[in-house]
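**Q** In our numbering, the protein residues as written are 1 to 247.
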Amino acid sequence: MQISEGYLMTFVPERFIGDEKYRRGHVSILAPAEGTRILGMHTPEMKTVAKALVRSGSWKEQIASWKDHRPLTGAGGLTHEERMIWGLAIDYARIPLDERLEAIEAFIPAIDNWAICDNFCCNAKWVEKEDKDLVRPFVYNLILSEEEFRSRVGLVLSLAHFLDEGNTLRTLEAVASRSFRDEDPYYMRMGAAWLFAEALCKRFDTAVPFITERRLARWVHNKAIQKACESWRIPEERKTYLRTLKY
Numbered sequence: 001m002q003i004s005e006g007y008l009m010t011f012v013p014e015r016f017i018g019d020e021k022y023r024r025g026h027v028s029i030l031a032p033a034e035g036t037r038i039l040g041m042h043t044p045e046m047k048t049v050a051k052a053l054v055r056s057g058s059w060k061e062q063i064a065s066w067k068d069h070r071p072l073t074g075a076g077g078l079t080h081e082e083r084m085i086w087g088l089a090i091d092y093a094r095i096p097l098d099e100r101l102e103a104i105e106a107f108i109p110a111i112d113n114w115a116i117c118d119n120f121c122c123n124a125k126w127v128e129k130e131d132k133d134l135v136r137p138f139v140y141n142l143i144l145s146e147e148e149f150r151s152r153v154g155l156v157l158s159l160a161h162f163l164d165e166g167n168t169l170r171t172l173e174a175v176a177s178r179s180f181r182d183e184d185p186y187y188m189r190m191g192a193a194w195l196f197a198e199a200l201c202k203r204f205d206t207a208v209p210f211i212t213e214r215r216l217a218r219w220v221h222n223k224a225i226q227k228a229c230e231s232w233r234i235p236e237e238r239k240t241y242l243r244t245l246k247y
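Shown next as structure tokens:
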């Protein structure tokens, strides 16, 4: 199975092609890098294609051709959909951990928007099947990066898979020690804030000292409180308390 642009176009809804307002809205939500080509596929269809690619046994060859494409992103780069399917195929493939981590390293330079990053991270069910002690150093090292989406991959993988009972405290320590700054790129800061908001929802007693002790940059601190207070999973009395802790 080889993925061509023509094949992917068969999954694009007519509304994206014929309704300019809908098309502009779809693209604006993705916030793509300038020059990115977007075909208009929806996420469920991209998941279907990625699973079919893995089942066909030709996913490694397809990914190799994408990996060699230059440039990977922006004008002349791979389409948004090709890069989304690339990441999902890595998630769905049944391969040894060392091979998967190597594939992820090759994939990260192709990530330039939140949708590709977050879909890859949140669909990484393989993390739950592996020894997390082996995955954790790789993920935490990504968080330390100064590159916006490389760091966000580490943050969202941590949010999705390392806020369990045995990992929450060390995850929050890793993020706090990274010392995200107010001037850091938006999607990096937002990833850190989202992670702390999720921790406040899931492990309040573990997470709230990082807020009361003001261990986060002002923007991340306030955004984490805002996002946590928007969740129905936190009781109103806790929301009231959190609001008093804003800078």
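All C-beta atoms, glycine included, are put in the ideal place defined by N, C-alpha and C.
Does the Cβ-Cβ distance between residue 225 and residue 234 come in under 8 Å?
**A** no
**Q** Kindly indicate the opening and closing residues of the alpha helix (DSSP H) around residue 80.
**A** Annotation for residue 80: the continuous alpha helix (DSSP H) segment containing it runs 80–92.
**Q** To the nearest angstrom, how far is it from the Cα of residue 50 to the Cα of residue 86?
**A** 7 Å
**Q** Would you please state the rounded distance, in angstroms, between the beta carbons of residue 217 and residue 181? I believe it to be under 8 Å.
**A** Right, their Cβ atoms sit about 6 Å apart.
**Q** Grouping DSSP H, G and I as helix and E and B as strand, with all else coil, what is residue 43?
**A** DSSP, reduced to helix, strand and coil, places residue 43 within a helical segment of the structure shown.
**Q** Let me make sure I understand the geometry here. Which of 178, 237 and 183 has the alpha-carbon closest to that of residue 215?
**A** 178
**Q** Any idea if residue 7 is buried or exposed, counting beta-carbon neighbours within 10 angstroms, 16 or more meaning buried?
**A** exposed
**Q** Quick check: the Cα distance between residue 56 and residue 219, rounded to an integer number of angstroms?
**A** 46 Å
**Q** Is residue 221 helix, strand or coil when you go by DSSP?
**A** helix
**Q** Over the uninterrupted alpha helix (DSSP H) stretch that includes residue 112, give me the two end residues.
**A** Residue 112 -> no alpha helix (DSSP H), and no H or E assigned at all.
**Q** According to DSSP, is residue 51 helix, strand or coil?
**A** helix
**Q** Taking the C-alpha atoms as reference points, what is the distance between residue 129 and residue 141?
**A** 20 Å
**Q** Does the contact criterion of 3 or more C-beta pairs under 8 Å hold for the region 12–25 versus the region 61–70?
**A** no
**Q** Any idea what DSSP makes of residue 130, helix, strand or coil?
**A** coil
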